[in-house]
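Worksheet: one structure, shown below.
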Amino acid sequence: MVVCRYYEAKYPSPGDIVMAKIAQISDDEIGAYVKLEEYGGIDGMIPLSELSRRRIRSVQKLLRVGSSEPMAVLRVDQDKGYIDLSKKTVSAEEVQACQDRVKMSRKVHTIVTHMAEKRNVDPQEYYEKFVWPLYAKYGHAYSAFKVAVSNPQAVFGQFNLDPALLDELMVDISRHMKPQRAKLHAKIDVRCFSFEGIEAIRRALRAAQDTATEQTPLSIRLIAPPEYVITTISVNPDEDIKLMNRAIEAAEKVLKDEGGALKVLVSPRQVTEHEEKELQDLMHRAERENAEVSGDDESDGDGY
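All residue numbers for the sequence shown refer to our numbering, where the first residue is 45 and numbers rise by one.
Here's what the structure looks like:
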């Protein structure tokens, strides 16, 4: 991959969490030298004392040359080119946020450098012309590229790009930014013991179903009374989780008006393939049990 910093700032600021690639462990093991990928591979250093809150005897046991680790920036001396880092102060949440950001930055960088190589242009020219301005406007150029998939002019119109360049850029963006489909589940408990209990539950579930959109259809299935599961396939999980919450609220309102109640057993969330399989197994088991109960009832009737 072409070496070029991802962001307009040449150096990180103290307090930033950056991705540091371990380049070398010092001979005397007083620390390790790293390269900051996001800043064009500039050098940094992490002292032994900043590796862990626990007492350690060997840097080799905590760091592996060639691996990348999120680290906190302690000090930056731009004149001397010194950047001191810490690993022990970085929380699990900060690690995840850094990994997510760098993953997006790498995808943007791949698109930019590919375009630059095809046109024999220094990637920094594209960074300066439109990528860094998009970081400033959208928070991350990745977010801008996602918008561009459906509305290129809204994102790139301000930059007066050559039409051929824009066409090629959009081909690359569309290929790399293809939406990932996620499975969302929620589990609810619905009860209504009024005179119209069963009909009230049906109306409540229809109200939930009516909140669905063409882009995000909702499936509501019975697991076993009184539990139901709401599922959908989403390319925009954050927004569709909100939609599922609105569906639950719609059902709850109908039930309350009828004297019933709704309890959220599992809030809307993205599930793994394993969790999806577990749900399918549960549904099939419930169907078999219901069929067996139905068969028993019929046998009892035949005996009269």
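Where is the CB? At the ideal position from N, CA and C, for every residue including glycine.
Beta-carbon contacts of residue i that lie in its chain and below 8 angstroms, excluding the five residues immediately before and after
i	result
Y55	Y83, I86, V120, Q122, I127
V47	G84, G85
R332	none
Y348	Its pLDDT being 32, under 50, Y348 is placed unreliably in this model, and the value from its coordinates should be taken loosely. Result list for Y348: empty, nothing under 8 angstroms.
F237	G303, G304
L210	P196, F200
R97	K132
A180	E52
Per DSSP, cross-strand counterpart(s) of residue i
i	result
G88	V78
L323	Looking at the DSSP assignment, L323 forms no beta bridge with any residue, so it has no partner.
Y186	For Y186, which the question treats as bridged, DSSP gives no partner whatsoever.
K307	D233
D128	M89, R119
L228	T276, Q314
M63	P114
Own chain residues within Cβ distance below 6 angstroms of residue i, not counting five before or after
i	result
P91	G75
E271	D233
A251	A294, A295, V298
I245	V234, C236
D60	V117
S57	none
Nearest-angstrom beta carbon gap, residue j and residue i [assumed within contact, 8 angstroms]
i	j	result
I69	V78	Wrong, their Cβ atoms sit about 10 angstroms apart, outside the cutoff.
V175	A185	5 angstroms
V146	M63	5 angstroms
L95	K132	6 angstroms
I264	L326	15 angstroms between Cβ atoms; not a contact.
A208	T255	Between T255 and A208 the Cβ distance is about 44 angstroms, and since that is not below 8 angstroms, they are no contact.
S149	Y50	5 angstroms
7 angstroms Cβ cutoff met for residue i and residue j
i	j	result
I32	A230	Outside the displayed range of the chain (45 to 348) lies residue 32, so it cannot be described from this structure.
F189	M221	yes
E296	L306	yes
P269	A226	no
T157	P167	yes
S218	V199	no
D284	T257	no
L228	Q324	no
Nearest to residue i (by Cα), restricted to the options the options
i	options	result
E137	A116, A244, K181	A116
A34	M148, K300, V279	Shown here, the chain extends from 45 to 348; a query on residue 34 therefore has no answer.
F203	S187, L118, Y171	Y171
E243	D211, V191, I267, G303	G303
D216	V152, K173, K124	V152
G125	L80, R99, L107	L80
D206	V109, G183, L107, R163	R163
S311	N289, Y182, V109	N289
Cutoff 7 angstroms; reference residue i; Cβ partners in own chain excluding five residues on either side
i	result
S111	I66
Residue i beta carbon near the ligand GDP (any heavy atom closer than 6 angstroms)
i	result
Y55	For the structure depicted, the ligand GDP is absent and the ligand set is empty, with no information on it obtainable.
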